[in-house]
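Below is one structure, written out as structure tokens; the observations come after it.
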Amino acid sequence: MSSPATQPLTVNSAGSPSVLIVVLNWNSYEETIAAIESIAKMDYQNCRTVVIDNGSTDRSVEHLEKVVGDRVRLIRLPENLGFTGGCNVGLDLAVLRDDDYIWLLNGDAVTEVNTLSSLVSVAETDRKIGLVSPMIASLDEPSKLLNVGGLYEPELPSFQSTKDLTKAQQWAAACPERIMLMGTALLIRVEMVRQIGPLDREMFAYWEDTDISLRSIKAGFRNVVDFGSVVYHKEKTIDGKYHELKPHYWYYMARNEIRFWKKHANFKARLKPLWWQYGGQLEYLKHPNVNDKSRQAILAGLWHGWLSRSGSYHGNSRMPRVLGRLIEFHSRVRKT
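Residues 401 to 736 (the numbering used here) are what the sequence shown spells out, left to right.
Following this line, the structure appears as structure tokens:
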């Protein structure tokens, strides 16, 4: 396969900003093909799509090769670099080719016809807009909103997200300089990437969107929710069915929240959010729908977060046994 720098891509230039669409695939070609098919129906013309196979071990590449064409290219990575590492291949390509924007669309999401047009239109209103996200709705229940942005509160410090459209609109009006975005369908200004760098590869997966949102703010950019567009995303949890979540999800969520606060807050300031985070993980530990493997992953994530570990999750990752037993005991006796 030719290198990212040399393989040609056909672009229909319509005088509008150029957008590189990046869809990451990992052992989920059916979902990824559905995402690609939704992209093909969009009305935005000056764009091209790169599908990055992140070291899949199923028949993904064989199936994805069938959708490659003038405007869709496949890059096959020899190993799983995580969400951050895989997406950064696309970010590097967009910077190299001098695109205006990169759109990171999750492989388990589908877009509407006008979504990208609307996102670019919003971004083009101000060069200091670094990130734009559509509203995120449920793929199974399209009328159900899953995320419409978040808010960073530096004085606490804390971060919260919301599904409430009214609250999100109030945040956008009152605190436009503190909006945080979810990474499901994130439009990123390439010029901002040149200034602050790509996704934090050490996070591997999860919390990388929160991290780049805050880095965008600290660099003087604004993050915006486009309330005029929507992307539909597969829900990870429905009605508290935590047993359906894989252990690696629990591990990265526990570890990377700690990494986030250690990265962005000084020692004194980080104590409060880290204590809240620890309390939240204790609640998951005692939840009846969280299985033993996932509890082990939560404990390992806490341990590795405290140690500032990075990289991928391994099923044999463990917190020291005595400490793990103490924390699990604490979770059982702690009042909610």
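Quick reminder that beta carbons are idealized off the backbone N, C-alpha and C, glycines included.
When burial is assigned at 16 or more other CB atoms within 10 Å of the CB, is residue i buried or exposed?
i, result
"G490", "buried"
"S558", "exposed"
"S717", "buried"
"P720", "exposed"
"H714", "exposed"
"C447", "buried"
"L556", "exposed"
"V513", "exposed"
"V733", "exposed"
In this structure, does DSSP put residue i in helix, strand or coil?
i, result
"C487", "helix"
"Q696", "helix"
"E553", "strand"
"S757", "Here the chain comprises residues numbered 401 to 736, so residue 757 is not present and cannot be evaluated."
"F621", "coil"
Given residue i, which residues of its chain have a CB within under 7 Å of its CB, disregarding the five upstream and five downstream residues?
i, result
"S508", "Position check: residue 508 holds Asp in this sequence, whereas Ser was assumed. Result list for D508: S428, E431, H633 and K634, in chain order."
"K544", "A537 and S538"
"R670", "W661 and K662"
Please identify the residue among the options whose C-alpha is closest to the C-alpha of residue i.
i, options, result
"K663", "I698, V510, R709 and D626", "R709"
"L516", "L587, S694, S538 and K641", "L587"
"D626", "N488, R655, R476 and L565", "L565"
"Y652", "G705, E644, W661 and Y501", "G705"
"I449", "D458, D443, V468 and V461", "Correcting the residue type first, residue 449 is Thr in the shown sequence and not Ile. The shortest C-alpha separation from T449 is found at V468."
"Q595", "E555, K528 and S731", "K528"
"L420", "G455, D526 and I439", "I439"
"G482", "S416, N425, Y552 and S613", "N425"
"W422", "S616, R578, L682 and G583", "Residue identity check: residue 422 is Val in the sequence provided, not Trp. Taking only the C-alpha atoms, the option nearest V422 is G583."
"T511", "A523, V522 and M535", "M535"
"S418", "F729, G679, A523 and V631", "A523"
In chain order, what residues of the same chain lie with their CB nearer than 6 Å to the CB of residue i, ignoring the 5 residues before and after it?
i, result
"V690", "Y642 and Y684"
"R655", "G701, H704 and G705"
"N480", "N454 and G455"
"E608", "T484, L599 and D600"
"E602", "S710"
Could you name the residues of the same chain whose beta carbon sits closer than 8 Å to that of residue i, not counting the 5 residues immediately before and after it, in chain order?
i, result
"P647", "K693, S694, Q696, A697, Y713 and G715"
"W676", "S558"
- Item | Meets three-Cβ-pair contact criterion under 8 Å: the segment 590 to 602 and the segment 485 to 501 | yes
- Query: Can you find at least 3 beta carbon pairs, one from the segment 657 to 674 and one from the segment 561 to 579, that sit closer than 8 Å?
  - Reply: no
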